[in-house]
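Each protein sequence line maps, in turn, to chains A and B. The numbers in the working numbering rise by one with no breaks, and the one at position 125 of the first sequence is 125. The numbers in the working numbering rise by one with no breaks, and the one at position 298 of the second sequence is 573. Structure, as structure tokens:
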Amino acid sequence: MSLSSLKTATFRVIPGFGLTFGFTLTYISIIILIPLFCLFIYSTQLSLSEWVKLVTSRQFLSALLLSLTTAFTSALFNSFIGLLFAWVLVRYRFWGRRVIDSCIDMPFALPTAVAGIALTAIYAKNGPIGQLFTIKIAYTPIGITLALLFVTLPFVVRTLQPVLEDLPKEQEEAASILGATPIQIFIYVIFPAILPAWLTGFTLAFARAIGEYGSVVFIAGNIPFKTEILPLLIVSKLDQYAYDSASAIGICMLIIAFILLFIMNMIQRKLNKTS
Amino acid sequence: MARLLRYWIKQLISLKNIIVIVLMGLIINSAWSTELLNVSYDPTRELYKDYNAAFIQYWQEQSGEKLTIKNSHGGSGKQARSVIDGLQADVVTLALAGDIDALNRYQSILDENWQTKLPNNSTPYTSTIVFLVRKGNPQNIHDWNDLIKEGVEVITPNPKTSGGARWNFLAAWVYAKELYGSDDKALQFVTDIYRHAPVLDTGARGATISFVQRELGDVLLTWENEAHLALIEQGDDKLEIIIPSISILAEPPVAVVDSVVDKKGTRKQAEAYLHYLYSDKAQHIIAKNYYRPTNPIILSQYATQFPELKLVTVDEYFGGWSTIQRKFFNDGTIFDTIFAEINN
Chain A
1 MSLSSLKTAT
11 FRVIPGFGLT
21 FGFTLTYISI
31 IILIPLFCLF
41 IYSTQLSLSE
51 WVKLVTSRQF
61 LSALLLSLTT
71 AFTSALFNSF
81 IGLLFAWVLV
91 RYRFWGRRVI
101 DSCIDMPFAL
111 PTAVAGIALT
121 AIYAKNGPIG
131 QLFTIKIAYT
141 PIGITLALLF
151 VTLPFVVRTL
161 QPVLEDLPKE
171 QEEAASILGA
181 TPIQIFIYVI
191 FPAILPAWLT
201 GFTLAFARAI
211 GEYGSVVFIA
221 GNIPFKTEIL
231 PLLIVSKLDQ
241 YAYDSASAIG
251 ICMLIIAFIL
261 LFIMNMIQRK
271 LNKTS
Chain B
276 MARLLRYWIK
286 QLISLKNIIV
296 IVLMGLIINS
306 AWSTELLNVS
316 YDPTRELYKD
326 YNAAFIQYWQ
336 EQSGEKLTIK
346 NSHGGSGKQA
356 RSVIDGLQAD
366 VVTLALAGDI
376 DALNRYQSIL
386 DENWQTKLPN
396 NSTPYTSTIV
406 FLVRKGNPQN
416 IHDWNDLIKE
426 GVEVITPNPK
436 TSGGARWNFL
446 AAWVYAKELY
456 GSDDKALQFV
466 TDIYRHAPVL
476 DTGARGATIS
486 FVQRELGDVL
496 LTWENEAHLA
506 LIEQGDDKLE
516 IIIPSISILA
526 EPPVAVVDSV
536 VDKKGTRKQA
546 EAYLHYLYSD
556 KAQHIIAKNY
566 YRPTNPIILS
576 QYATQFPELK
586 LVTVDEYFGG
596 WSTIQRKFFN
606 DGTIFDTIFA
616 EINN
């Protein structure tokens with residue numbers, strides 16, 4: 001199909017479909033597709049048996065398990081805390097609301113390594129918060145989860161905020177007039193409306209947390225089989241100049257994140273259809 | 276439409292002009308002042324800051340040319356990888372010969388025999404691994420076998436990601452092998468040491484921070500110069516350096532990156548930069564930054580700072596870095612076995 005036929009086929013308010021579409025494709029290729037493709041190419045340097053050996057090694061599996069459990073815990077926890085934050089920020093007007101609102105984005109703006117060092121300093125045995133607890137926080141999975149809580153909070157809050165803002169007040173008022181209790185209103189009116197956004201927030205946080213390196217590596221302690229996260233394994237492979245195994249682990253993480261996002265998209269589609 | 280097109284073309288031309296002018300400016304600028312890039316590892320930050328100032332002055336007196344020298348610091352392995360991936364380093368001054376050898380693994384960017392080009396295996400300064408303990412030495416740590424006493428926590432980085440940690444590992448191995456005589460016993464001893472490690476930081480600086488700032492552990496295994504820097508930083512009322520009976524002679528070598536200096540035309544300057552490290556003046560700077568000078572006369576002048584201890588070299592003891600890497604630190608080899616054993 002030539003460019004002119006595209007133009008004449010349909011009338012669009014803003015012209016230039018050919019140009020913008022071309023730009024989009026080029027941009028996506030250069031920024032996203034080619035780098036990811038190269039990752040796959042690199043990992044194909046490993047033979048199938050090497051692949052199997054890599055992903056079934058005890059060290060890889062325990063790192064994977066640790067990354068998945070800490071990421072899941074933090075995403076789950078944040079999906080509740082995030083909902084609370086979004087609710088307070090949207091529904092109430094109070095002094096300092098804007099300050100809190102912009103603080104939510106801080107984890108996005110702060111370099112993750114800086115966050116990691118700060119968190120370690122605070123939660124270490126002699127740190128201002130760490131010394132209040134008898135259990136060890138830094139250098140344990142609890143510390144890792146804390147670091148992940150820090151970096152993934154904005155994902156949940158920022159996906160829920162606009163949805164809560166758009167929620168029509170009339171529905172809640174109608175439910176209230178019909179005699180629904182506040183809990184019933186939440187379960188039957190608010191919850192179904194925000195569920196898709198909530199799931200998105202959860203998934204984004206989860207997917208991001210699996211691959212998080214900078215903020216976690218300082219607080220993790222990096223003891224093999226105990227507190228070693230997957231991204232650290234990648235770095236240790238790179239330090240042995242094993243680019244192929246490093247990219248193979250990268251691929252594994254990418255696949256996990258992709259599956260997560262894909263499942264969420266499917267669920268959302270279903271939810272949108274039914275509502 | 277045609278007018279719009281003409282407008283865009285005009286815009287493009289002027290944009291192109293701007294880019295061309297900026298590029299030309301950059302090229303002319305770089306032709307005027309010669310710039311050297313020294314890619315080094317973490318604990319040499321302070322040393323090269325002092326040395327660069329001395330060399331710039333020396334070179335200006337020698338040739339009248341004003342040099343700019345830039346330094347890049349980071350974990351040794353990571354730095355080597357940056358050079359492999361195209362960082363245009365004129366000289367590399369890394370933590371171990373293995374990392375410089377690795378530069379040639381993917382493309383030959385320097386001479387195979389780089390280590391024969393300068394005196395002492397291209398090593399202008401050496402260092403060793405010592406212990407840093409808290410003031411008063413509460414756990415009574417004097418030698419390697421005190422590290423495996425009940426309740427002692429040892430801070431060392433991860434040998435998979437840190438060059439310094441590999442020296443720590445080998446030093447402990449040498450001690451056990453000398454004492455017990457067999458590789459099996461040495462493995463047992465080193466395994467016991469790692470049983471006492473609560474964290475494995477990714478680099479030497481990180482481990483120092485864990486020990487000094489986070490007050491984690493009872494003893495830090497570290498570079499001699501890093502231990503002295505921590506002492507200066509924290510004051511000697513908080514920390515103490517303990518010299519073990521035996522340790523390893525750490526030889527961080529230096530090399531010119533041939534492919535880069537030939538392309539940039541900076542071979543003369545880069546070679547002089549490394550040669551001057553062996554001069555008396557530079558050797559004093561080295562000693563003042565707590566690296567051991569290779570010049571024996573200057574070393575003896577700093578005898579109080581560098582107490583004598585038995586030192587073995589990796590080449591005579593382990594047969595060089597490529598053997599070490601294959602035997603100890605590659606995936607599935609001794610270091611991995613140790614942690615599989617600990618977590619069984």
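Ideal Cβ placement from N, Cα and C applies to all residues, glycine included.
By Cβ distance, which residues of its chain are closer than 7 Å to Ile-129 (chain A), with the 5 residues on each side in sequence left out?
-> Result list for Ile-129 (chain A): Ile-122 and Tyr-123, in chain order.
Over the uninterrupted alpha helix (DSSP H) stretch that includes Thr-145 (chain A), give me the two end residues.
-> 141-166
For Leu-238 (chain A) and chain B, any beta-carbon pair shorter than 8 Å?
-> yes
Taking the C-alpha atoms as reference points, what is the distance between Tyr-213 (chain A) and His-471 (chain B)?
-> 25 Å
Helix, strand or coil at Asn-570 (chain B) [DSSP, three-state] = Residue state for Asn-570 (chain B) is assigned as coil, using DSSP reduced to three classes.
Using a beta-carbon distance below 8 Å, is Met-1 (chain A) in contact with chain B?
-> The predicted model places Met-1 (chain A) with a pLDDT of 47, which falls under 50 and marks its position as unreliable; any figure quoted below should be read in that light. Output row for Met-1 (chain A): interface = no.
Limits of the unbroken alpha helix (DSSP H) element including Phe-218 (chain A) | Counting along the chain, the unbroken alpha helix (DSSP H) around Phe-218 (chain A) starts and ends at 214-220.
Runs of alpha helix (DSSP H) wholly within the stretch 223-257 of chain A (minimum 4 residues, chain order) | Those alpha helix (DSSP H) runs which fall completely within the stretch 223-257 of chain A and span 4+ residues are 230-239.
Whole-number beta carbon distance between Gln-390 (chain B) and Ala-372 (chain B), since they are thought to touch under 8 Å | 6 Å
Residues in the stretch 422-454 of chain B with C-beta within 7 Å of chain A's C-beta atoms, listed in sequence order?
-> Under the 7 Å Cβ criterion, the stretch 422-454 of chain B contributes Asn-433, Lys-435 and Thr-436.
Check Arg-97 (chain A) in the structure and name its three-state DSSP category.
-> helix
Taking the Cβ atom as the reference point for each residue, do Ser-245 (chain A) and Leu-54 (chain A) lie within a distance shorter than 8 Å?
-> yes
With DSSP collapsed to three states, give me the class of Gln-354 (chain B).
-> helix
For Gly-221 (chain A), decide whether its Cβ has a neighbour in chain B, counting only Cβ atoms nearer than 8 Å.
-> Chain B contact via Cβ: present.
Could you please give the first and the last residue of the uninterrupted alpha helix (DSSP H) stretch that includes Asn-395 (chain B)?
-> 394-397
Out of B:Val-487, B:Asn-396 and B:Ser-402, point me to the one whose CA is closest to Gly-595 (chain B)'s CA.
-> B:Asn-396
With a threshold of 16 other CB atoms inside 10 Å of the CB of Glu-387 (chain B), please say whether the residue is buried or exposed.
-> Under this definition Glu-387 (chain B) is an exposed residue.
Name, please, each residue of chain B whose Cβ falls closer than 9 Å to the Cβ of Ile-59 (chain A).
-> Just to set this straight, residue 59 (chain A) is Gln in the shown sequence, not Ile. In chain order: Asp-606, Asp-611, Phe-614 and Ala-615.
Pull up the CB-CB distance for Phe-604 (chain B) and Pro-434 (chain B), whole angstroms please, since I reckon it's below 8 Å.
-> 6 Å
Which one or two residues does DSSP pair with Asn-388 (chain B) in a beta bridge?
-> Beta-bridge analysis with DSSP links Asn-388 (chain B) to no other residue.
If we count Cβ pairs, one from each stretch, closer than 8 Å, do we get three or more for the stretch 63-75 of chain A versus the stretch 189-206 of chain A?
-> yes
Measure from the alpha carbon of Ile-384 (chain B) to the alpha carbon of each residue in B:Glu-499, B:Ser-554, B:Lys-538 and B:Thr-612, then state which is nearest.
-> B:Lys-538
Any chain B beta carbon closer than 8 Å to Pro-224 (chain A) = By this cut-off, Pro-224 (chain A) is an interface position.
Hey, how far is the Cα of Val-529 (chain B) from the Cα of Leu-378 (chain B)?
-> Those two C-alpha atoms are separated by around 13 Å.
Can you list, in chain order, the stretches of the alpha helix (DSSP H) that have 4 or more residues and sit fully within the stretch 446-485 of chain B?
-> 458-470
In chain A, which residues lie less than 7 Å from Gly-352 (chain B) when you measure between Cβ atoms?
-> Asp-239
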